[in-house]
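Residue numbers (our numbering), protein chains in the order written: chain A, 21 to 295; chain B, 4 to 308; chain C, 203 to 298. Taking it in order: structure first as C-alpha cells, then the write-up.
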Amino acid sequence: MRAEVTSALGRYLLTIADDELILGYRDSEWTGIAPLVEEDVAFSSLAQDEIGHARLYYMLAADLLATDADELALGREPDDYYHATVLETRTTPKYDASGAHRGGGDWARAVARRFLYDLFDDLRTEALLRSSYAPLAGAVQKIRREEQYHLRHGVAWWRALASADGEARVRLEGALVALWPGLLGLFEDAPGEDLLVSEGLLPHRTADLRDAWLERVQGHCDAAGLPFPSERTGAGWSIAVPPEVGGRQGRHGPAWTELYDDMTMVRRLEPEAVW
Amino acid sequence: MTEEQRVEEFKRAVQAGRKVEAGDWMPDEYRQRLIRFIEMHANSEIMGALPERDWILRAPTLQRKLAVTAKIQDEVGHAQLLYRLVEDLGKPREQIFADLISGKSKFHNVFHYPTRSWGDVGVIAWLVDAAAVISQSALLKSSYAPYARTMRRICWEEAFHLKHGEDIVLTAMMGTAKQRAMMQEALERWWEPLMMFYGPPTPPEQDKDLAWGIKSRANEDLRQDFLTKYVPRIREIGLRIPDPKLRFDESAGRWVYSDIDWDKLVAVARGNGPASQQRLGFRRLSYEETAWVREAITGGAELVA
Amino acid sequence: MQIYEVFRQEREGDPMVHVGNVQAPGDDLARQYAREVYSRRGEATRLWLVPRAAIEEIGDAYFLRPPIERSYRMGEAYRVTVQKRRQLAQEGAHES
Numbered sequence: 021m022r023a024e025v026t027s028a029l030g031r032y033l034l035t036i037a038d039d040e041l042i043l044g045y046r047d048s049e050w051t052g053i054a055p056l057v058e059e060d061v062a063f064s065s066l067a068q069d070e071i072g073h074a075r076l077y078y079m080l081a082a083d084l085l086a087t088d089a090d091e092l093a094l095g096r097e098p099d100d101y102y103h104a105t106v107l108e109t110r111t112t113p114k115y116d117a118s119g120a121h122r123g124g125g126d127w128a129r130a131v132a133r134r135f136l137y138d139l140f141d142d143l144r145t146e147a148l149l150r151s152s153y154a155p156l157a158g159a160v161q162k163i164r165r166e167e168q169y170h171l172r173h174g175v176a177w178w179r180a181l182a183s184a185d186g187e188a189r190v191r192l193e194g195a196l197v198a199l200w201p202g203l204l205g206l207f208e209d210a211p212g213e214d215l216l217v218s219e220g221l222l223p224h225r226t227a228d229l230r231d232a233w234l235e236r237v238q239g240h241c242d243a244a245g246l247p248f249p250s251e252r253t254g255a256g257w258s259i260a261v262p263p264e265v266g267g268r269q270g271r272h273g274p275a276w277t278e279l280y281d282d283m284t285m286v287r288r289l290e291p292e293a294v295w
Numbered sequence: 004m005t006e007e008q009r010v011e012e013f014k015r016a017v018q019a020g021r022k023v024e025a026g027d028w029m030p031d032e033y034r035q036r037l038i039r040f041i042e043m044h045a046n047s048e049i050m051g052a053l054p055e056r057d058w059i060l061r062a063p064t065l066q067r068k069l070a071v072t073a074k075i076q077d078e079v080g081h082a083q084l085l086y087r088l089v090e091d092l093g094k095p096r097e098q099i100f101a102d103l104i105s106g107k108s109k110f111h112n113v114f115h116y117p118t119r120s121w122g123d124v125g126v127i128a129w130l131v132d133a134a135a136v137i138s139q140s141a142l143l144k145s146s147y148a149p150y151a152r153t154m155r156r157i158c159w160e161e162a163f164h165l166k167h168g169e170d171i172v173l174t175a176m177m178g179t180a181k182q183r184a185m186m187q188e189a190l191e192r193w194w195e196p197l198m199m200f201y202g203p204p205t206p207p208e209q210d211k212d213l214a215w216g217i218k219s220r221a222n223e224d225l226r227q228d229f230l231t232k233y234v235p236r237i238r239e240i241g242l243r244i245p246d247p248k249l250r251f252d253e254s255a256g257r258w259v260y261s262d263i264d265w266d267k268l269v270a271v272a273r274g275n276g277p278a279s280q281q282r283l284g285f286r287r288l289s290y291e292e293t294a295w296v297r298e299a300i301t302g303g304a305e306l307v308a
Numbered sequence: 203m204q205i206y207e208v209f210r211q212e213r214e215g216d217p218m219v220h221v222g223n224v225q226a227p228g229d230d231l232a233r234q235y236a237r238e239v240y241s242r243r244g245e246a247t248r249l250w251l252v253p254r255a256a257i258e259e260i261g262d263a264y265f266l267r268p269p270i271e272r273s274y275r276m277g278e279a280y281r282v283t284v285q286k287r288r289q290l291a292q293e294g295a296h297e298s
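Here it is as C-alpha cells:
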C-alpha cells in the first residue's frame with residue numbers, strides 16, 4: 021500500500037473507531053442509573069460492545085500506524101479525535117451540588133441517539149463488508165453480528181416511547197429535533213475518502229450513505245407516528261437545518277473537553293506507566 | 004396444631020437444615036426478616052454501583068475500562084436478581100426504591116464512603132469484594148433456597164471482580180513510586196470500613212438471622228476468615244496495613260486488632276457517612292428523573308417516593 | 203391435549219431441572235402423569251409443570267455467545283495476575 025493510502029485508511033479507521041468509542045463511553049454512563057434495573061444491565065452491554073468494536077478498529081489502525089490500540093484510544097491530543105460531535109454530548113442528566121438539574125440529557129435522547137446512530141452504522145458497515153482491505157471486511161463481519169441485536173433493542177425502545185402518550189412521546193420528539201443537526205453531521209466525509217474509494221478500499225464515501233439513512237429514519241418515524249424532521253422533494257431531500265460538522269476534522273464542542281479530561285485523567289497522571 | 008406450634012416446628016426444621024422455597028408456607032417473622040435481609044443486600048449492590056461509577060470514564064486502558072464497566076454492570080445485575088427475590092416475597096419494587104431513597108431501609112456501610120483515586124477502584128474490587136465473597140459464600144447455606152441459589156451465581160461473578168481488582172493493585176505495585184503511593188493511600192482509607200464490614204461481634208445466640216438460618220455464620224467468624232486470608236496477601240505485595248496492633252495471636256488462634264468504633268458504624272449505616280447523603284440524593288434524582296420512562300412502559304403504577 | 207414441560211427438584215434447596223414432558227388433556231391429569239413419569243420412585247421433592255406454549259426460547263448462538271472476545275469479564279484475562287504476585291513477593295523477600 022502506498023504511504024498516502026495507508027495514511028488515509030488509518031485516518032478513516034480512526035474515524036469509525038472514535039465514533040464507536042465515544043458513543044460507548046457516553047452510553048456507559050448509564051451504568052448504575054438506568055430507568056430500570058433490567059435495562060441497566062442491557063444498556064451497559066451495548067456500551068461495552070461499542071467499546072469492543074472500537075478496540076477492533078483501533079487494532080487495525082494500529083497495525084497501519086505502528087502504534088497500539090490503547091495509545092490510539094486514550095493517548096491522542098483532543099483535536100486528533102474524529103468522532104461526530106453528536107456522539108460526545110452526555111445523555112445522562114447532570115446535577116449540581118444542590119441537586120438541581122444542570123444540563124445533560126435524558127433517556128429519550130440516549131435511546132434516539134443510539135438507535136439513529138446504529139441505523140447509520142448499519143449502512144456504513146454493510147458497505148465496509150465490500151472493502152478490498154480484508155482485515156477490515158473480516159472485522160466488520162463479526163461486528164455486524166452484534167449490531168443486529170443493538171438494532172432490535174433500539175426499535176423496541178423507539179416504539180415503546182413513541183407509542184406511550186404524554187411525556188415519553190414529547191421527550192422523544194424533542195430528542196429527535198435536538199439531535200437532528202448532529203446526526204446529519206455523521207455524514208461528513210473523513211479526509212482522504214475519495215482516495216480510498218478510487219483504490220477500492222471503500223465502496224463509497226460516507227456522504228453517499230445519507231439518503232438511504234434518511235429513508236430508513238423516515239420509515240421508523242412514520243411507523244411510530246413521529247414527525248420526520250426533513251422533507252422529501254422529488255428525487256432528493258430538503259434539509260431545513262445545516263448539519264453540525266467539524267467532528268471529522270477534529271473540531272469538537274465543550275462536552276468533548278469535559279469527556280476527554282475524564283477519559284485521560286488517570287493515564288495523564290503517569291503517562292509512561294503501565295496500568 | 005396452633006400457629007405458635009407451627010412456627011416452632013418451622014424454626015426447628017430450618018435449624019436442622021430444611022430448605023424453604025418461595026411458595027412454601029413460612030412464619031411472618033421469617034418472611035419479614037428475609038425481606039429486610041435480602042433487600043439490604045440488593046440495595047447495597049445498587050448503591051455500590053455509585054462509588055465506582057465515577058471511574059467508568061476514567062479507566063486508563065481499554066481493557067480496564069471494559070472490566071470496570073462490566074464489574075459495575077454485574078453489581079447492578081446482582082441487585083436485579085435480589086430485587087426479584089424480595090418482590091416474590093411480597094414487597095413491590097416501587098416500595099423498595101421508595102424506602103431506599105427515604106432512608107427507611109439501609110445499604111451496606113462500605114458504600115457510604117467517597118472514592119478519590121484509581122487506587123480505590125483496585126482496592127474496592129479486590130478487598131471489598133473479597134470481604135463480600137466471604138459473607139456471601141456463607142449464604143450458600145441459607146435456609147431460603149432461592150437466595151442460596153442466587154448466591155451461587157453471585158459468588159461466581161464476584162470471583163472475577165476480585166481478580167480484576169487484584170490485578171489493578173498488583174500492576175500499580177509493580178509500577179512507579181506514584182502508583183504504589185496511590186494504592187497505599189487507598190488501602191489506608193478503606194481499612195477501617197473493611198474492618199467494620201461484617202458488623203459488630205454480636206454473640207451468635209442473639210443474632211436472629213442466624214436463628215432462622217437466613218445466614219449461617221457469625222460476624223466475627225467472617226472477619227477472622229477475611230484477615231486470615233487477606234492480611235498475608237496484602238503484606239506480601241508491599242502494602243502496609245494501617246493498624247499497629249494487628250497481629251495473629253497464636254495461643255488464642257485468632258487475629259487481634261485495634262478497637263473498632265462501632266458507634267461510628269451505626270452512624271454511617273444510618274446515613275451519616277461521609278458520602279451517604281450525596282449518594283442517596285443522587286439515587287433519588289436519577290430515580291425520579293426516569294420515572295416517566297417506567298410510567299411509559301408500564302402505563303403508570305409509579306409510587307411517589 | 204396439551205404438552206407440559208416438567209422441571210424436577212431432586213433434593214431440597216436444589217434448582218428445578220428440566221427432565222422431560224408429559225401430554226395431558228388438562229392440569230389435573232398432567233399432575234398425575236408427571237408424578238408417575240418423573241417421581242414414581244420418589245425421585246422428586248417437587249415438580250413444576252409449564253405448558254409448552256408458555257415457554258419463550260432463545261437459542262440464537264450469536265445472541266447468547268457474541269463473537270467478539272470478552273476476556274475482561276472472565277478469569278483467563280487474569281492469568282498474569284498470579285505471576286505478578288509471585289514477582290512482587292520475591293522482590294519483597296529480597297528487600298527485607
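Glycine included, each C-beta is placed from N, C-alpha and C at the ideal position.
Three-way DSSP call (helix, strand, coil) for residue i in this model
i, result
"B:A255", "coil"
"A:V294", "coil"
"B:S120", "coil"
"A:V265", "coil"
"A:S258", "strand"
"A:T253", "strand"
"A:Y115", "strand"
"B:R273", "helix"
"B:L60", "coil"
"C:W250", "strand"
"A:R122", "coil"
"A:Y280", "helix"
"B:Y147", "strand"
"B:R250", "strand"
"B:A308", "The predicted position of B:A308 is uncertain, since its pLDDT is 33 and thus under 50; a value taken from the coordinates is nonetheless stated next. Coil, per DSSP."
Where the beta strand (DSSP E) through residue i begins and ends
i, result
"C:Q204", "Q204 to Q211"
"C:N223", "V219 to A226"
Residue i versus residue j: straight-line alpha-carbon distance, rounded
i, j, result
"A:L143", "A:P223", "12 Å"
"B:H111", "B:L190", "19 Å"
"A:L76", "B:G256", "53 Å"
"B:S316", "C:Q204", "Residue 316 of chain B lies beyond the residue range present for chain B, which begins at 4 and ends at 308; the question has no answer from this structure."
"B:L306", "A:W177", "For B:L306, the predicted model reports a pLDDT of 37, less than 50, meaning its position is unreliable and no value from the coordinates is stated."
"A:E208", "A:R268", "7 Å"
"B:A270", "A:P55", "30 Å"
"B:A304", "C:F265", "Caution is warranted here: a pLDDT of 40 is assigned to B:A304, below 50, making its placement in the model unreliable, and the coordinate value is therefore given only provisionally. C-alpha separation (whole angstroms): 32 Å."
"B:A308", "B:F100", "Bear in mind that the predicted position of B:A308 carries a pLDDT of just 33, short of 50, making it unreliable; the figure below should be weighed with that in mind. Rounded to whole angstroms, B:A308 to B:F100 spans 8 Å at the Cα level."
"B:A214", "B:Y260", "28 Å"
"A:R288", "C:F209", "55 Å"
"B:L310", "B:M198", "Residue 310 of chain B is absent from the structure shown; chain B starts at 4 and stops at 308."
"A:V131", "A:P291", "35 Å"
"C:L290", "B:G276", "35 Å"
"B:H81", "B:P247", "36 Å"
"A:R22", "A:E91", "24 Å"
"B:R297", "A:R164", "30 Å"
"A:D214", "A:R225", "7 Å"
"C:L231", "B:D27", "23 Å"
Element boundaries [alpha helix (DSSP H), containing residue i]
i, result
"A:V61", "V57 to L85"
"C:D216", "Taken as a continuous stretch (DSSP letters only), C:D216 belongs to no alpha helix (DSSP H), as it is neither H nor E."
"B:A184", "A180 to M199"
Whole-Å CB distance - residue i paired with residue j, under 8 Å assumed
i, j, result
"B:V23", "B:A135", "About 24 Å separates the two Cβ atoms, so there is no contact after all."
Exercise. Is the stretch 174-185 of chain B touching the stretch 89-108 of chain B, taking contact as three or more C-beta pairs under 8 Å?
Worked result: Between the stretch 174-185 of chain B and the stretch 89-108 of chain B, the count of C-beta pairs closer than 8 Å stays below three; the two stretches do not touch.
Exercise. Below 8 Å, can you find three or more Cβ-Cβ pairs linking the stretch 207-221 of chain C to the stretch 283-292 of chain B?
Worked result: Cβ pair count under 8 Å is below three, so no.
Exercise. Are there three or more Cβ pairs, one per stretch, closer than 8 Å when the stretch 40-48 of chain A is compared with the stretch 60-72 of chain A?
Worked result: Contact annotation: the stretch 40-48 of chain A touches the stretch 60-72 of chain A, with at least three C-beta pairs closer than 8 Å.
Problem set entry | Inter-stretch contact (C-beta, 8 Å, three-pair minimum) for the stretch 41-58 of chain B and the stretch 11-22 of chain B | No, they do not touch.
For this session: Specify whether the stretch 109-127 of chain A and the stretch 79-95 of chain B touch according to this definition: at least 3 beta carbon pairs, one from each stretch, less than 8 Å apart.
Result: The answer is no - the stretch 79-95 of chain B does not touch the stretch 109-127 of chain A, with fewer than three Cβ pairs under 8 Å.
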